[in-house]
Structures are given as structure tokens and as C-alpha cells.
Amino acid sequence: MGDMEQQVEIVIKPGMGALHYWRDLWRYRELFFFLAWRDILVRYKQTAIGIAWSVLRPLLTMIVFTVVFGKLAKLPSNGVPYPIMVFTAMLPWQFFANSLTESSNSLIDNANLLTKVYFPRLIVPAGSVIVGLVDFFISLVILFSIMAWYRFVPDVRMLLLPLFLSLAFMASFGAGLWLSALNVKYRDFRYVVPFLVQFGLYISPVGFSSTIVPEKWRMFYFLNPMVGVIDGFRWAILGDAFPVNWPGFSLSCLLVLVVFVGGLLYFRRMERSFADVV
Amino acid sequence: MSSVITVENLGKKYLLKHQTGQQPYVALRDVLSDGVKTLGSRLFGRSTLVSRSEEQEEFWALRDVSFEVKQGDRIGIIGRNGAGKSTLLKILSRITEPTTGSVRIKGRVASLLEVGTGFHPELTGRENIYLNGAILGMGRAEIKKKFDEIVDFAEIEKFLDTPVKRYSSGMYVRLAFAVAAHLEPEILVVDEVLAVGDAQFQKKCLGRMEEVSNEGRTVLFVSHSLESIKFLCTTGILLGEGKNICVGKIKEVVKKYETDILTNLALQSNKDGVIYNNYNVNTDGFELIEVAICDTNNVNLLQIKTFDSFKFKIIFNSPHKYESRSATLSIMDLSGTILLRLAMSPYSLFTMKCHKGLNEIYCVVDKIPLPAGTYLINFGISDEGGWIYDKDVCLFEVKMNDIFNCGYPPVEKHAVAVVKYYWEQNS
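Chains W and U, in that order, are what the protein sequence lines are.
Plus 13 on top of the position in the first sequence (first one is 1) and you've got this note's numbering.
Plus 40 on top of the position in the second sequence (first one is 1) and you've got this note's numbering.
Right under this line is the structure:
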């Protein structure tokens, strides 16, 4: 025991949970890594085909979208091979959908932890988003293989990808915070989440380009934060064929920020009653 | 020595909801339909429906609890079911917030409210040691340092890389406790975890906890077993109905607890063979109505002696019709150690059908092997998932019977059980 820890005095009072919160969050960082590590380990142990599954799912979705939107509906792809265009959008979308689904159930799935041990509860949904990140990187490797197949060379803008990835991260984490907290309080919320995710897939420009949305509706379309994220990804990977509508993009960013900060505040407010309710 | 824990006027209030099936969470569906209902009645000017929120009842699980703990103290917290012991531990370990009052804690707290918290069945023993250690508040470096010690303590070297779902329940518990036992916090909060494992392992655990506190750490310990508490603790806190009744030397507090049980339950003791009655209760749930002792012809008996054969007659209320439930009648000594466990499942193959309303069941006891003395009766009903009703019911007296025809009937002071026996000698 270090002398530092001898000095620590904890005060427990009604409504005092917030006082040491951010300090605690830092102190419990190892637990955060362990929980994320557990989820990753379990995920790839449980399913017999493990990693193969995270490769197959986006690939099959891409093929279906390419056939339906590219071949049958003959939507434009601005000169880029249609599969590549779809897959660049699949990256952030799958990441968003997976982490949202995982994190919205995370508190309930870890109910036995919440009622037996103290730690900043923020760790739990955050850990689920990290698991989504692993799938993201697997998909990124697939994308590179597809690009190599089509001999498609990206330019230096590719280096900005982490920036757009953090935007996707904030969007999924923010929405995950909302849904996980709501899920504890309203237990039938879990039926809403799969619907939201499925619905989102069609109103986001995953299977098509956002440029097919009529000009006058464009700003309105950016109210879906994932439109900004996906357009950002396409711009960074595919280049000038997909110019970013900067006013719309800023609107999406702003909304991501609102969802994220709102999610944090709501989660913090609900957090102190989790153990009594879950 | 300075105090490491200061608790002042601590209180915790829960809201009990009657309508929503006693679940603390609500369904969005209900919220929406309630909203529509109130909106509808407002629009049409009908008398407003009683909204669900008005049917909440306040319940103070803890109220005005104050005490101080000095460094190195070993505190035993005792009290009957529902006295607020678990709530107190949950507040001390910061799992739930108090409603009133404050707690000041100096030093790192580790709480063990359950062994094996966060164990994942798919992960191996090795992986679970790291995971569980982190959950209990150890850093990775610390776990690495103690890893071999933990494995030694748990005696599971061979199975380190086997998923714990393949462990026997004994191995599982040993591993879980081993991790917990190697925590080195300044303050250790422990709830009932010793109620698991075989006797030898329990002794090892108690020994380890004693070691921990001899190193100058503070231990707070909740248990139903007054024996382990008396063995381990120096100071006792007695809780009753959410308040602390007394704080003091462990022996005095345990004594106070025992006499409290005696005086509370003795009032219930009754004549005519009815040892417990609760006829006036008005309930929709599971509730015990009457317990009586009677002979094989169902005629009530005034007293029972050692080695008597008799029946317990039990009448209880059931909220619904159930196809199979299991009832258990336990006979305990006054410190709460179970002496006889008369359970339908798994010991006897009997399963009980419950009717809605009153049910009458009998437990036939052949030659009760208890010496003369006063015992405590606990009655419980369980389904596949665990206890759905559990109550310390009443005292039960066994009178003296000179079964050996020697003028010395066996009494509680000398032994906990009686059998027929004889001695032989090789000449």
C-alpha cells in the first residue's frame, strides 16, 4: 500500500456520486480494459466460426446492396466501383449498429456486476463500443483487400480517417449511453433498438450515395448524424468523387455532439439509481 | 487509534410499487398507456384514474444508523432477515447511494458481496483470475504478482486453462474465494461468502480473514452464522428494522440478539399445540397462517419430547395456483445453525401443489433426535429459481425425555443431537 492511498478519504452522501467521478474513472481504467478484453474474448470464443462471422456479415451485406442498388436500381456510384462505395459506408455503419446494439444491452447484461461492485458505470457501455471497434478493424482489412482487387488507390486524405472514426465513435457512444440508461429504466426498450438499427440502415446512405437525395432536402437529410459520418468516410477514402457538403456535415457534427453530451448527462443522472433498479 | 469509518445518521429509502408486480423497473408500454389514459380522461373530463406513481409506498431499509470503526477492528453486523444489513454493506461499498446521512471512509475499500462476481463461464481459470481481480479492484501488476499464490490457495493448477464452466462447484468457489482472499485493501467488506464450500475450506477462509485483520486491516463482516462471527469479530453491530439497536463487544451483542429473538418469538408461543398463528393477516401473497404440532391422528399436542413422533401442521396462503412448489421447514438452534432441514426438494421426492388461498400441509417427523431445549423454526417455500417465501417463524420447545432410562434426559447443553447407542468391550 502506497502512502498516497492511505490519505484517500471517501465521503458518501446523498447526491455526492458526482464528486470523485472523473478521478474514479481514471482510477478504474484497468477494469475498463479488462471488461473490454473479456467481451472481445467471449465474443470470439462463443461463436464457432468467430472471426469468420465478422468477415462474412459485412461482405454479404455489401454483395446484396451492390446487386439491389447498383445492378437492379442502377443508382450512380460517381465512377467508383459500386462494391467499394458500399463498403466504405458499411465500415462506420456496422460499427455504429454493432456498438449501439451491444452497449444498449450492456448494463442489463452486467446486472450482477452493478449490484455487487462499485465502479463508474460509464465503463460498461464504453467497453461495448470498444468491442465494436475490433470488428471495425477487421472490416477495414477487408476493405483494403477489395480495393486491392479493384486496383483502387486512395490518396493522402485517407490519413484523416481517424478523425471521422472518432466522430462515429462519439455518435455510437452517445446513442449507446442514452439507450443503455433507458433500457435499465424501461425494460421493453430493448425491442426498440433492433428496429432503430434496421430502420437506420435504410435512411442512412449505406447502399447508395447521399448525392441522390434532392438538393432541397439535403440539409434535412443531414439531421441524421450518420449521414455526416458516412459522407466523411467516403470523402476520405474515395476522394473527390464524393465531395462533402460542409454545411450539412457541420450540422451532423453538431448533432453528434448534442447526442453525446446529452447522453453523458442523462447517463450520469440515472446512474446513481442503477443498482436499485436493475 | 483514529477511526477509519464514520457513519452518521445514515438512512436509505426505497419506494415500493404495488401495481407493477414489485419490479423496480417499468415498462415503456405502461408509461405510454398511462399517459394516454390520463390524457384521455383529462380531455373527456372523466374522473382521473389512479396513476401508478401514487401507489408507491416508502420503505426505510436503514434509518438513523450511526457508528464508528477504528483501524484494525473486526466488525460483525448481525440482525434478522430484512434488518438492513445488506443495504448497509451496499452503501459502504458505494454500490447504492444513501438517502440521508453520511459516511466517511479512509482507505481503499474492497467489497465481497458475493464470491466470483463477474466470473465468466466461457473463460478459463487463468483469464477469470485476472478479470475477477480487476473487478475487485486489483491492478494487473498486483494480480500478476499474486497469481501463483492464488492458484496455490485454490488448488486448481491442473485446470488453469480449462473454461470454468467445466469446473465442479467446489473448484469454482475455491477459485473465487482465492482471488478475493488475496485482495489487500485497508478495509474489507464481506457478506455471507463463507456460507459456501466444504467445512475444511471454510476454515481456511476464516483463517485467511483473521490473518488479514491481524495485518492491521479493518474487516466488516455480515453473516447468519453467529459462530463464525463470534470466532472472527471483536465488535458487533446489531441492526433491527433498519436501526442500529446496539454496538459493543461481539459477545454482548450476540447475547442481546439471542435474547431479542427469544422475547420476540416467545410472545407468539401459544397453547393448544398451535405454536404460531397469524390469523388476522390480510394478504394476497405467500403468508404463513398457522403452525401447529399434532399426533398421527391430527389431534393437536401440547408438548413434544425427545424421540417423539409427530406432525407439523402448516397452513399458509398462496396468491395463485401453482403446479409444483417445494416447502422447507428448518429447525435451528438460537444462533441460527440449522440442525434439521425438512425439505420437500431435493431430500424427499414430494412436490406440493398450491391452491389459490389457504393450503394445509403436514410434515411427519419420526423420532425427533433433538435433546430437550428451545429451537427456532424457519419456514420457506421455493420454486426452481430459489426462495419465494422465507420466514423465521417461532420458537419450538422440546421437553425432556429420559430415553436412556438412566435419570439423565439429554439436554441441549450437552449435545446437539441424540441417537440410540450402546457400548461394547472386548474381554
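Here a beta-carbon is modelled for each residue, glycine too, at the ideal position from N, C-alpha and C.
- Residues of the segment 132–151 of chain U with a C-beta less than 8 Å from any C-beta of chain W: Leu-132, Ser-133, Arg-134, Ile-135, Thr-136, Glu-137, Pro-138, Thr-139, Thr-140, Gly-141, Ser-142, Val-143, Arg-144, Ile-145, Lys-146, Gly-147, Arg-148, Val-149, Ser-151, listed in chain order.
- About 32 Å separates the beta carbons of Thr-140 (chain U) and Gly-256 (chain U), which is beyond the 8 Å limit, so they are not a contact pair.
- At a cut-off of 9 Å between C-beta atoms, Tyr-207 (chain U) does not count as an interface residue with respect to chain W.
- If you draw a straight line from the Cα of Ser-117 (chain W) to the Cα of Leu-73 (chain W), it comes to about 25 Å.
- The beta carbons of Ile-97 (chain W) and Ile-25 (chain W) sit no closer together than 9 Å.
- Rounded to whole angstroms, Leu-270 (chain W) and Asp-289 (chain W) show a C-alpha spacing of 30 Å.
- Apart from the 5 residues on each side of it in sequence, Thr-164 (chain U) sits with its Cβ closer than 8 Å to the Cβ of Leu-200, Asp-201, Thr-202, Pro-203, Val-204 in its chain, given in chain order.
- Using a Cβ distance threshold of 9 Å, Leu-266 (chain U) and Ser-370 (chain U) do not count as a contacting pair.
- Among the CB atoms of chain U, none fall inside 9 Å of the CB of Phe-280 (chain W).
- Glu-267 (chain U) carries a helical assignment under DSSP once its states are collapsed to helix, strand and coil.
- Residue burial is scored here from C-beta neighbours: Glu-115 (chain W) has at least 16 other C-beta atoms within 10 angstroms and is therefore classed as buried.
- Bridge partners of Ser-370 (chain U) according to DSSP: U:Arg-381, U:Asn-418.
- Proximity of the segment 242–254 of chain W to the segment 164–177 of chain W meets the contact definition, three or more beta-carbon pairs being nearer than 8 Å.
- Contact note: Tyr-461 (chain U) does not reach chain W at a C-beta cutoff of 8 Å; the least C-beta distance is about 47 Å.
- Taken in chain order, the complete beta strand (DSSP E) segments of 3 residues or longer contained in the segment 307–357 of chain U are 314–317, 327–334.
- Against Thr-128 (chain W), the close residues of chain U are Ile-135, in the order they occur along the chain (beta-carbon pairs closer than 7 Å).
- Ser-142 (chain U) has U:Glu-48 as its beta-bridge partners, per DSSP.
- From the listed residues W:Val-242, W:Leu-156, W:Val-147, the smallest Cα separation to Leu-180 (chain W) is found for W:Val-242.
- Non-local C-beta neighbours of Lys-353 (chain U) in its own chain, meaning closer than 6 Å and more than five positions away in sequence, comprise Ala-332, Cys-334, Tyr-402, ordered along the chain.
- About 6 Å separates the beta carbon of Val-144 (chain W) from that of Arg-56 (chain W), a gap short enough to meet the 8 Å contact definition.
- As computed with DSSP, Gly-276 (chain U) is found in a beta bridge with U:Gly-116, U:Gly-288.
- Residue environment analysis places Ser-366 (chain U) among the buried positions, since at least 16 neighbouring C-beta atoms fall within 10 angstroms of its C-beta.
- Here Phe-273 (chain W) is not near Gly-245 (chain W), since their CB atoms are 9 Å or more apart.
- Selection U:Pro-450, U:Gln-242, U:Cys-434 evaluated against Phe-419 (chain U) yields U:Cys-434 as nearest (Cα-Cα).
- In the displayed model, Lys-407 (chain U) falls within coil according to three-state DSSP, outside both helix and strand.
- By the neighbour-count definition (other C-beta atoms within 10 Å, threshold 16), Val-80 (chain W) is an exposed residue.
- Excluding five sequence positions before and after Phe-193 (chain U), the CB atoms of its chain that fall closer than 6 Å to its own CB belong to Ala-218, given in chain order.
- Here Asp-423 (chain U) is exposed: its Cβ has fewer than 16 other Cβ atoms, across all protein chains shown, within 10 Å.
- Contact with chain U is absent for Pro-105 (chain W), since none of that chain's Cβ atoms lies less than 9 Å from the residue's Cβ.
- Interface flag for Val-205 (chain W) against chain U is set, since a Cβ pair is found closer than 9 Å.
- For Lys-53 (chain U), the closest alpha carbon among the candidates U:Leu-379, U:Glu-281, U:Lys-289, U:Phe-326 is that of U:Glu-281.
- At least 9 Å separates the CB of Phe-212 (chain W) from every CB of chain U.
- Cβ neighbours of Asp-52 (chain W) within its own chain (closer than 7 Å, five residues either side excluded): Gly-140, Ser-141, Val-144.
- At least one C-beta of chain W is nearer than 9 Å to the C-beta of Lys-130 (chain U).
- Using a CB distance below 9 Å, the part of the segment 108–125 of chain W facing chain U consists of Asn-123, Asn-125, ordered along the chain.
- Under the DSSP assignment, Cys-446 (chain U) falls outside any beta strand (DSSP E); it carries neither an H nor an E label.
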